[in-house]
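Notes follow the structure.
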Amino acid sequence: MSDQLERRLFDELEQLPLIDPHTHINPHAAASETLADILGYHYYTELAHSAGLSREQIEEPGLEPRELVGRLAPFLEQLDNTVQVSWLVEMCREFFGFEGDRIGADNWEAVYDAALRVMSADDWEESVLRASGLEQVFLTNDFDDPLEGFDTSRYVPCLRTDDLVFHLCRQATRDRFEQASGTAVSDAASLKSGLASLFEHFTSRGARACAISLPPDFTPAVPDVIAADAALSRVDGDTEWTCDEATAVSRLVFWSLSESCSDFGLPFDLMIGVNRQVYPDGVFQGQDLFDKRTSLKQYAELFNAFPGVTYPISVLSSTSNQELVSYSWIFPNVITNGHWWYSNIPAYIEADCRSRLQAVPRHKQIGYYSDMYKLEFALPKFRMYRRILARVLAADFVVGHGWSETRALDLGRQVLRGNVDSIFGGVS
Amino acid sequence: MSDQLERRLFDELEQLPLIDPHTHINPHAAASETLADILGYHYYTELAHSAGLSREQIEEPGLEPRELVGRLAPFLEQLDNTVQVSWLVEMCREFFGFEGDRIGADNWEAVYDAALRVMSADDWEESVLRASGLEQVFLTNDFDDPLEGFDTSRYVPCLRTDDLVFHLCRQATRDRFEQASGTAVSDAASLKSGLASLFEHFTSRGARACAISLPPDFTPAVPDVIAADAALSRVDGDTEWTCDEATAVSRLVFWSLSESCSDFGLPFDLMIGVNRQVYPDGVFQGQDLFDKRTSLKQYAELFNAFPGVTYPISVLSSTSNQELVSYSWIFPNVITNGHWWYSNIPAYIEADCRSRLQAVPRHKQIGYYSDMYKLEFALPKFRMYRRILARVLAADFVVGHGWSETRALDLGRQVLRGNVDSIFGGVS
Amino acid sequence: MSDQLERRLFDELEQLPLIDPHTHINPHAAASETLADILGYHYYTELAHSAGLSREQIEEPGLEPRELVGRLAPFLEQLDNTVQVSWLVEMCREFFGFEGDRIGADNWEAVYDAALRVMSADDWEESVLRASGLEQVFLTNDFDDPLEGFDTSRYVPCLRTDDLVFHLCRQATRDRFEQASGTAVSDAASLKSGLASLFEHFTSRGARACAISLPPDFTPAVPDVIAADAALSRVDGDTEWTCDEATAVSRLVFWSLSESCSDFGLPFDLMIGVNRQVYPDGVFQGQDLFDKRTSLKQYAELFNAFPGVTYPISVLSSTSNQELVSYSWIFPNVITNGHWWYSNIPAYIEADCRSRLQAVPRHKQIGYYSDMYKLEFALPKFRMYRRILARVLAADFVVGHGWSETRALDLGRQVLRGNVDSIFGGVS
């Protein structure tokens, strides 16, 4: 009975049109052209590399798409237990008519060819959006992205700010900033003024969020403007700042971004906990990991300082989830946001989803985002989440609290879709 | 079948008379007078504030009880998924004849009036104790509480010591100490002597425990008496100690309390992990959070130094639960104690309860306490725990180990009640 | 149906012959002679001590085996909820014809006598190996173990190196090193040369792994050879190094061991997170605990420096499991290894097993090792794991992903046995 209940809830949740509130989609090439666009996703290349395929084999310059898939496919056999490969199989069954349950050395070519046929259709991008129930897809745009040449009502700009906060010591970053904003950054004041230009540009193009990923040891604080100004005043080409100088500048930029979010009414997505390049010999985008010794306590000063800014928070370590639940339960401006990266596997999603639904106000939870690079991933990733959401709704709310299925579904729809509308401003 | 098994175990556990070993009940006003006493609980005010109600609305001076409930009620609709609101609904159904399953803007007045009628009965306090199966309720008493005017065999005093350990720099704390103990604290010796007076007073009134809550970075250690004496010798009004001085005094007071617990045979409840006033603009009692970067390793020196003192330990972060299980498994004087605050939601209770039952001696576990401020909360909170306990007993012991239901219930009764008797000394 | 599915999978997994890839078996006395060899295991003595039995009672010099069991048995009644005691009961039922479900003051003598009869058989060691399905048992050998007088194809040597990394300040350790390796350690070069002798000796006797347990605050790094050489040059008897000197030497020895693992093709088992002697008054082997504030990030430099060395990793804190999953998913040379000590209880095994199966390449997971000191423990410990593994395979793979039972069992067999062969080199 409980299985059937779960199934009914899942089937209903499958019908809901979605907004995907965080992706890395390139709006100029949103859908895949070959299976290599899918298997080239770091989730597969890094696992194949972990399973024994060399980086040189994966990243050989000039490699043909078919050849890349041919090299990766045999390694899928060692990875078929992973949820990542289950996404692949589900995608191929759903979109490309694949009827098997494993993809490997023996059958990848047929899958490749079938995918190629499907993807070659003129309307593939439309088809995959429709089949996946996607109404809108939020992007991750560099701060100097012109945001031109695509439909911003479908592909919604979001201002990604990692480079500004952490790489302002580089000449190239400062050059890009000057070009994009019309302002050379030389101190707190020019930074502030330049940021205003960027926010102006982004919001004029329909941007819905500012976003950043942050290392575990980052602690935002009211910036020491004098120290930051001093560091900024001595930049000259690619500059090596001392640790203190780098901290002063990072805090200044981060704080200024929060001020701009306040000024422009943008939510500020914080993705907390990633260490970059922990494995520098890893494949592209497969080099980052984390250190669980981090706390949302580090952000208390920020949350207090900007009561008017909404902070949707993603945590990389599942051990941070209870802090996220508790900080969202207390701070009006803290929102739980999806299940990020190393926490985006069913074992962690279920535990984290359950605790959030039990203790965070229902309108302060963004259930899921895909984080995808290609449109085809939304369907299997959201479906994984919907299965878990249906299970938690069934067990904890219908069975546990005696809720009607309708009432449980209302809650499910709210975290899956409604809150994306209300927190980020909805379909424009 | 497993559902029915769980139900049978739950029904049996429901019959067990309880001692609630940690509450914040005011013995002079133990039961609620209006629904505002219930909705005024920080669990509701902080969630309503998190959901958007301003502190000014909640804490307006002179606010009538009915008006407070009227302001809070509409926000319950955003909170109906939370376990906290499920307690409220269960309470209203159980005590006030409420027959619905949601309380909000539309129906709060009827609930308010029904509650008022019930609470106005002369024997409401008796009724709620009886209906909740409560035989005794442990209190949280300030160190200078006269402990007079109430039945200490029903409302059992416990000596709360946060102020002494952390706020002795304040003139008011020292004045209260002098008044209560007859001793002005000026050094380690006078502190020790004054504490003896307090413990004498408390134990003469039937006190069962000394208790304290501690921040994540607190590390008790053999105190540096010379440094502490020096700090104490220079107090003058509200004194600003250096960080080192404050640490020296806190460690001295904490260590002296442990010595007094040893001398007077009192368990020392340690509630580990709370950061106070992380959100200073939050509502009353809705300002505290935590930093999960803490370890019971910080307490090893203490546990070694006082083998004769029993330490029932509560941890605020569920990520500390495995340490608590392991330290209780190894240290004879460490006891697992309930599910505290941000860990007091089903997702964390179930995981924590399960691991404790699997690895901690059965007589070293205090299953649950309500932490309540008003008597009406014991019933729904203990019931939540009993449901989870029944589930774990059914799955892990009856089904998993082939235990009889009787044997599983014996274990359940021991952690729910028997150990409270044996660890704190039982009904006097 | 799901219960029956689990049962079928479990029954199949029970048939699989095992290699136990980490134990503390003494190959000269592998099986128990009396029940005291079993109840003398620290899992029971430390729990009995935690439950109230004094260390003096447990460790009285010259205590007869029967008397020891007689003293411990009454305390088992307080411990019957623990999984550790469930191993004992299962063992006694399986091996000694015990038909009850509790062992305590009333019936321990009959169990003792029955066990004695069974253990007295000439072929008891063979019998228990056969009944437990054990083909090979990996050992934990001191670095100066002569590795003689036993069948190394059954009892496989592994080089344990804690003493070298952490206790080289002791004259006795250096003497043992010189005697075993023929080289007096006086600097990095002589250390390296001596280690080569030890590895030569161990691999010539069929050693399959180098192993070490590490405290939470250990951070391997490229060693400062000059500092380490300076510290080594001034040793004289039992030497007190400064903290910096001790760190320099530990890092040097650890790094040199990794180099030797690379040279000799041995996996390096890292068991991360134990603090020794946290409770110095505890019973033998019942004094160690942990501090969860540790991260695999501390090992990133190591994993990068030795891509050719395989590191099977055990973590003591379950809160480290997600890091282990993620680091194994990214680093080709990181392997998940079993469920260690305080994480070796069903609540943690199930959560940890589930996440590993969902995200780590299937050939990079060593499901379980017993860590046993006496052969009788393999059966109940592996059985506990097989139950959990069957549950996860049933729920997540057969039900969750629609896998056939055959396919799920292939995965189960691989993590339970196949990967031990492929990672450590299999039956010789």
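Protein chains in written order, with our numbering: chain A, 7 to 434; chain B, 7 to 434; chain C, 7 to 434. Backbone N, C-alpha and C define an ideal beta-carbon position, used for all residues, glycine too.
Nearest to residue i (by Cα), restricted to the options the options
{"i": "Pro367 (chain B)", "options": "C:Glu70, C:Asp43 and C:Gly58", "result": "C:Gly58"}
{"i": "Phe183 (chain B)", "options": "B:Tyr161, B:Asp157 and B:Pro152", "result": "B:Pro152"}
{"i": "Ser446 (chain C)", "options": "C:Val231, C:Phe388, C:Leu395 and C:Glu382", "result": "The requested residue 446 (chain C) does not occur in the structure, where chain C is confined to residues 7 to 434."}
{"i": "Lys303 (chain A)", "options": "A:Gly279, A:Arg123 and A:Val315", "result": "A:Gly279"}
{"i": "Val228 (chain A)", "options": "A:Asn310, A:Asp275, A:Lys298 and A:Asn281", "result": "A:Asn310"}
{"i": "Thr51 (chain C)", "options": "C:Pro226, C:Glu307 and C:Val289", "result": "C:Val289"}
{"i": "Tyr354 (chain C)", "options": "C:Ile372, C:Val321 and C:Leu220", "result": "C:Val321"}
{"i": "Val91 (chain C)", "options": "C:Thr253, C:Thr29, C:Ala217 and C:Met390", "result": "C:Met390"}
{"i": "Asp223 (chain C)", "options": "A:Ile109, A:Arg299, A:Thr248 and A:Glu73", "result": "A:Arg299"}
Min CB distance residue i to chain C below 8 Å
{"i": "Phe403 (chain A)", "result": "no"}
{"i": "Ser301 (chain B)", "result": "yes"}
{"i": "His55 (chain A)", "result": "yes"}
{"i": "Leu15 (chain A)", "result": "no"}
{"i": "Asn87 (chain A)", "result": "yes"}
{"i": "His369 (chain B)", "result": "yes"}
{"i": "Asn113 (chain A)", "result": "no"}
Cut-off 8 Å between Cβ atoms - residues of its own chain near residue i, not counting five sequence neighbours on either side
{"i": "Trp335 (chain C)", "result": "Ala365, Val366 and Pro367"}
{"i": "Pro313 (chain A)", "result": "Pro338 and Asn339"}
{"i": "Gly243 (chain B)", "result": "Gln177"}
{"i": "Trp203 (chain A)", "result": "Reading off the sequence shown, one finds Ser at residue 203 (chain A), where the question assumed Trp. Correct list, in chain order: Ala186, Ser187, Gly188 and Thr189."}
Collapsed DSSP secondary structure at residue i in the structure displayed
{"i": "Cys175 (chain A)", "result": "coil"}
{"i": "Phe101 (chain B)", "result": "helix"}
{"i": "Glu62 (chain C)", "result": "helix"}
{"i": "Tyr305 (chain C)", "result": "helix"}
{"i": "Ser434 (chain C)", "result": "Because Ser434 (chain C) carries a pLDDT of 43, less than 50, the predicted location of this residue cannot be relied on, and the following value inherits that uncertainty. It is coil, neither helix nor strand."}
{"i": "Met378 (chain A)", "result": "coil"}
{"i": "Ile31 (chain A)", "result": "coil"}
{"i": "Ile109 (chain A)", "result": "coil"}
{"i": "Gln291 (chain A)", "result": "coil"}
{"i": "Leu220 (chain B)", "result": "strand"}
{"i": "Leu385 (chain A)", "result": "helix"}
{"i": "Gln142 (chain B)", "result": "strand"}
{"i": "Val191 (chain B)", "result": "coil"}
Strand pairing of residue i, partner residues [DSSP]
{"i": "Ala215 (chain B)", "result": "B:Cys164"}
{"i": "Thr342 (chain C)", "result": "C:Ile319 and C:Gln371"}
{"i": "Ile429 (chain A)", "result": "Its beta-bridge partners do not exist; DSSP assigns none."}
Cβ neighbours of residue i in the same chain (closer than 6 Å, five flanking residues each side left out)
{"i": "Thr209 (chain A)", "result": "Phe270"}
{"i": "Leu197 (chain B)", "result": "Val191 and Ser262"}
{"i": "Asp150 (chain A)", "result": "Arg182 and Ala186"}
is_contact[residue i, chain B] using C-beta, thresh 8 Å
{"i": "Glu12 (chain A)", "result": "no"}
{"i": "Tyr375 (chain A)", "result": "no"}
{"i": "Leu417 (chain A)", "result": "yes"}
{"i": "Pro286 (chain C)", "result": "yes"}
{"i": "Gln177 (chain A)", "result": "no"}
Contacting residues, own chain, Cβ-Cβ under 7 Å from residue i (five flanking each side not counted)
{"i": "Ser199 (chain C)", "result": "Thr189"}
{"i": "Thr316 (chain A)", "result": "Pro273, Asn339, Ile341 and Ile429"}
{"i": "Asp235 (chain B)", "result": "Asp193 and Ala194"}
{"i": "Phe16 (chain B)", "result": "Arg392, Arg393 and Ala396"}
{"i": "Arg441 (chain A)", "result": "This structure cannot settle anything about residue 441 (chain A), because the visible part of chain A is limited to 7 through 434."}
Beta carbon proximity, residue i to chain A, threshold 8 Å
{"i": "Thr361 (chain B)", "result": "Here residue 361 (chain B) turns out to be Ser, not Thr, going by the sequence shown. No, no contact with chain A."}
{"i": "Pro222 (chain C)", "result": "no"}
{"i": "Gln328 (chain B)", "result": "no"}
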